[in-house]
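Keeping their order, the protein sequence lines are chains A and B.
Using my numbering, read the first sequence as starting at 8 and increasing by one per residue.
Using my numbering, read the second sequence as starting at 131 and increasing by one per residue.
By construction, the Cβ of each residue, glycine as well, lies at the ideal position given by its N, Cα and C atoms.
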Amino acid sequence: MELKVIAQDSPAPTGGCTSGACGSSTDAMAHLPDHVRKKVHNHPCYSEEAHHHYARMHVAVAPACNIQCHYCNRKYDCANESRPGVVSELLTPEQASKKVLAVASAIPQMTVLGVAGPGDPLANPQRTFETFRRIVDKAPDIKLCLSTNGLALPEHIDEIVALNVDHVTITINCVDPKIGAQIYPWVFWNHKRVMGAKGAKILIKQQQRGLEMLVERGILVKVNSVMIPGVNDRHLEEVSKIVKTKGAFLHNVMPLIAEAEHGTFYGVMGQRGPTKQELSDLQDACAGDMNMMRHCRQCRADAVGLLGEDRGQEFTMEKIEAMEVDYSAAMERRARVHEGIEAHRKTMAQAVQPTKEMLAPIGTPPARIAVTTKGSGVVNEHFGHAKEFLIYEASPEGVRFIGARKIANAYCVGPDVCPSGDDKGTVLDAILAALFDCSAVVSAKVGIEPWSRLEAAGVTPSGTYAMDDIETAVRGMYGELIEQGWAAKDLSVQAAG
Amino acid sequence: MALSIIESCVNCYACEPLCPSDAISMGERHFRIDAKACTECDGDYADPQCASICPIEGAILDASGQAINPPGSLTGIPPHRLDAVEAEIRAR
Numbered sequence: 008m009e010l011k012v013i014a015q016d017s018p019a020p021t022g023g024c025t026s027g028a029c030g031s032s033t034d035a036m037a038h039l040p041d042h043v044r045k046k047v048h049n050h051p052c053y054s055e056e057a058h059h060h061y062a063r064m065h066v067a068v069a070p071a072c073n074i075q076c077h078y079c080n081r082k083y084d085c086a087n088e089s090r091p092g093v094v095s096e097l098l099t100p101e102q103a104s105k106k107v108l109a110v111a112s113a114i115p116q117m118t119v120l121g122v123a124g125p126g127d128p129l130a131n132p133q134r135t136f137e138t139f140r141r142i143v144d145k146a147p148d149i150k151l152c153l154s155t156n157g158l159a160l161p162e163h164i165d166e167i168v169a170l171n172v173d174h175v176t177i178t179i180n181c182v183d184p185k186i187g188a189q190i191y192p193w194v195f196w197n198h199k200r201v202m203g204a205k206g207a208k209i210l211i212k213q214q215q216r217g218l219e220m221l222v223e224r225g226i227l228v229k230v231n232s233v234m235i236p237g238v239n240d241r242h243l244e245e246v247s248k249i250v251k252t253k254g255a256f257l258h259n260v261m262p263l264i265a266e267a268e269h270g271t272f273y274g275v276m277g278q279r280g281p282t283k284q285e286l287s288d289l290q291d292a293c294a295g296d297m298n299m300m301r302h303c304r305q306c307r308a309d310a311v312g313l314l315g316e317d318r319g320q321e322f323t324m325e326k327i328e329a330m331e332v333d334y335s336a337a338m339e340r341r342a343r344v345h346e347g348i349e350a351h352r353k354t355m356a357q358a359v360q361p362t363k364e365m366l367a368p369i370g371t372p373p374a375r376i377a378v379t380t381k382g383s384g385v386v387n388e389h390f391g392h393a394k395e396f397l398i399y400e401a402s403p404e405g406v407r408f409i410g411a412r413k414i415a416n417a418y419c420v421g422p423d424v425c426p427s428g429d430d431k432g433t434v435l436d437a438i439l440a441a442l443f444d445c446s447a448v449v450s451a452k453v454g455i456e457p458w459s460r461l462e463a464a465g466v467t468p469s470g471t472y473a474m475d476d477i478e479t480a481v482r483g484m485y486g487e488l489i490e491q492g493w494a495a496k497d498l499s500v501q502a503a504g
Numbered sequence: 131m132a133l134s135i136i137e138s139c140v141n142c143y144a145c146e147p148l149c150p151s152d153a154i155s156m157g158e159r160h161f162r163i164d165a166k167a168c169t170e171c172d173g174d175y176a177d178p179q180c181a182s183i184c185p186i187e188g189a190i191l192d193a194s195g196q197a198i199n200p201p202g203s204l205t206g207i208p209p210h211r212l213d214a215v216e217a218e219i220r221a222r
């Protein structure tokens, strides 16, 4: 029997990739032309599968902004917060290029350099493009990206093309100025501050024009949208359809982050963010029209490392000034490391052959399974060390990725230290809350104490799949659950609570 | 006649390249406006450029020392609401 996962009549949403390989059963990228697949092959923010293997970095060279968003506070700089628009130190283009070379040399799997703020890269065109020019000259093996609100995109299109920036992300939260007026209080346009719907209308027009111009020039465009319940949540399906029609290749619907202490309009006014289930439902609804990104970590404008980690503190300017970098030697080393990664990916792809068979009899309920990983696409992180869990859903039709969930603290206090007393309960409660819809958690190892708490909470722990590739592990775990006759969770009811 | 930037400036650089008189420069702790050079954009633009892009309420003053962008005018957060929320956070 031929498995039709992407078929119209399939009950499973079609967005997202499978765990191990985007060349596998629910391949969301299969329909893309070869040259596009090649471009995103080692881009962690554009390919779910690549993000297990390759790292990215942002350099904070762009402090100015030309618009105000209600989810942003321009006064914010912080070493501990992890969200967009936040940085620790602003860099000059010269410092930034030094940092890029130092990081590329220390973390050879770093393939992508992005400028994403803390303001808007194109509101700081000199600083942004000067940074890119320096990197193009010295490190031709690094891909360049930028992430913009789109207001100044059309006027800078030629420079973007000339510098070979081949990935651009535009944040598009609406296509309706009335909705825009509830998100953007003003834009700076044509030497004036333009307020409300009038300003939003200008922004929307520029974003759409910018998107069209990028696509015409063969530049890959990802669209980010912030999901704001009661403001644009019902509108984003339409946004998704429009940007897909215009040629954006990936849509990333992210949850609003709003806390009073951030001092943002939404934070102070008590606007809530979406629940995990609301976000996931909207992503599923958009997925019929568009490739959806579900592995975004909403990282800082100075983040460094694999998407789930931030090694920025290892690369402060003070530390970088003391580093000696021989980039031509580093480039050779990087090439060898990339070859190794590609060989590993090939082996993994072969290990997980596209399945022609159902994972379980039709009608078997799906199960969400959490996985802990340090990268490389395998189960290689101990439960106690994990600061985030990757959530997969296994169903008879196959395995699909749901999203990454962060927790504030890992269960273990230190490398080999378990928490004591009250802390233990608090940390585990937070983990159980993050895994509320999961029937199992698959780790390289799970300690005795969390093991029994997980079991008691209806989450089957497993250390059986250590070092297995994620898809094999999730399939295997799903099989085990079925064999045990597990109590399937009603995912919709469970999540609504 | 000149505008001025005060210490609440967050050093975002947005104003500096817009000034038609090159009156804005990075100071020791924040950006500054050279009072001798500043024309308030008279003759160049309808609105003073620095005050039209500055995201920080109260950071730019007019010649009489009044905030060109008073509290609530840019973020849309009513000042009393911001005060109440800040007091609540301090009390935690």
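The count of Cβ pairs closer than 8 Å, one atom from the stretch 213 to 226 of chain A and one from the stretch 156 to 164 of chain A, reaches three, so the stretches are in contact. Within chain A, not a single residue places a beta-carbon under 7 Å from that of B/S155; the smallest gap is close to 15 Å. No alpha helix (DSSP H) of 4 residues or more sits fully in the stretch 430 to 462 of chain A. Counting only residues of its own chain and dropping the five nearest sequence neighbours on each side, A/A188 has a CB closer than 7 Å to the CB of G203, A204 and A207. If you draw a straight line from the Cα of A/G410 to the Cα of B/C149, it is about 46 Å long. Contacts with chain A (Cβ-Cβ distance below 7 Å) from the stretch 182 to 193 of chain B involve S182, I183, P185 and I186, listed in chain order. For B/I163, no Cβ of chain A is located within less than 7 Å of the residue's own Cβ. Exclusion of the five residues before and after A/L442 leaves A377, F396, V448 and V466 as the residues of its chain whose Cβ lies within less than 7 Å of its Cβ.
In this structure, DSSP gives B/C180 a helical state, which the three-state scheme calls helix. Interface residue (Cβ-Cβ distance to chain B less than 7 Å): A/Q75 is classified as such. Between the C-alpha atoms of A/K199 and B/C171 there is a straight-line separation of about 12 Å.
Here the stretch 122 to 140 of chain A makes no contact with the stretch 47 to 64 of chain A; the two share fewer than three CB pairs at distances below 8 Å. Listed along chain B, the residues sitting closer than 8 Å to A/W193 by beta-carbon distance are L204.
One thing to note: A/P115 has its Cβ within 7 Å of the Cβ of A/V344. For A/K326, the closest Cβ of chain B is not nearer than 7 Å. By the neighbour-count criterion, in which 16 or more other beta carbons inside 10 Å mark a residue as buried, A/G277 falls on the exposed side.
Here A/I142 is buried. Its C-beta has 16 or more other C-beta atoms within 10 Å. The continuous alpha helix (DSSP H) containing A/G486 extends over residues I477 to Q491. Comparing alpha carbon positions, the residue from B/A217, B/L212 and B/E218 closest to A/T271 is B/L212.
When the alpha-carbon of B/H160 is set against those of B/Q196, B/I136 and B/P208, the nearest one is in B/I136.
In the three-state scheme derived from DSSP, where H, G and I count as helix and E and B as strand, A/K413 is classed as strand. A residue is called buried once 16 or more other Cβ atoms fall within 10 Å of its Cβ, and A/D475 is buried on that count. Non-local beta-carbon contacts of A/A417 in its own chain, meaning distances under 7 Å to residues more than five positions away in sequence, involve G391, H392, A393 and K394 in chain order. A distance of 7 Å or more separates the beta carbons of B/E216 and B/L204. For A/K150, the pairing in a beta bridge is given by DSSP as A/V119. Selection A/K248, A/T252 and A/Y273 evaluated against A/V238 yields A/Y273 as nearest (Cα-Cα).
For A/P468, DSSP records a beta bridge to A/V448. Around B/A165, the same chain offers A132 as residues with beta carbons nearer than 6 Å, after the five sequence neighbours per side are excluded. The beta carbon of B/P209 sits closer than 8 Å to those of P201 and G202, all from its chain and outside the five residues before and after it, given in chain order. In the structure shown, A/M299 adopts extended strand secondary structure according to DSSP, grouped into three states. A contact between stretches requires three or more CB pairs, one per stretch, nearer than 8 Å, and the stretch 248 to 262 of chain A meets this requirement with the stretch 286 to 303 of chain A.
When Cβ-Cβ separations below 7 Å define contact, B/D177 makes contact with chain A. Residues of the stretch 197 to 221 of chain B with a Cβ closer than 7 Å to any Cβ of chain A, in chain order: L204, T205, G206, I207, R211, L212, V215 and I219. A/V275 belongs to the set of residues whose beta carbon lies under 7 Å from a beta carbon in chain B.
If you compare the alpha carbons of A/V230, A/F322, A/I209 and A/A329 with that of A/H258, the shortest gap goes to A/V230.
Within the stretch 148 to 223 of chain A, the complete alpha helix (DSSP H) runs of at least 4 residues fall at 160 to 169, 184 to 187 and 203 to 223.
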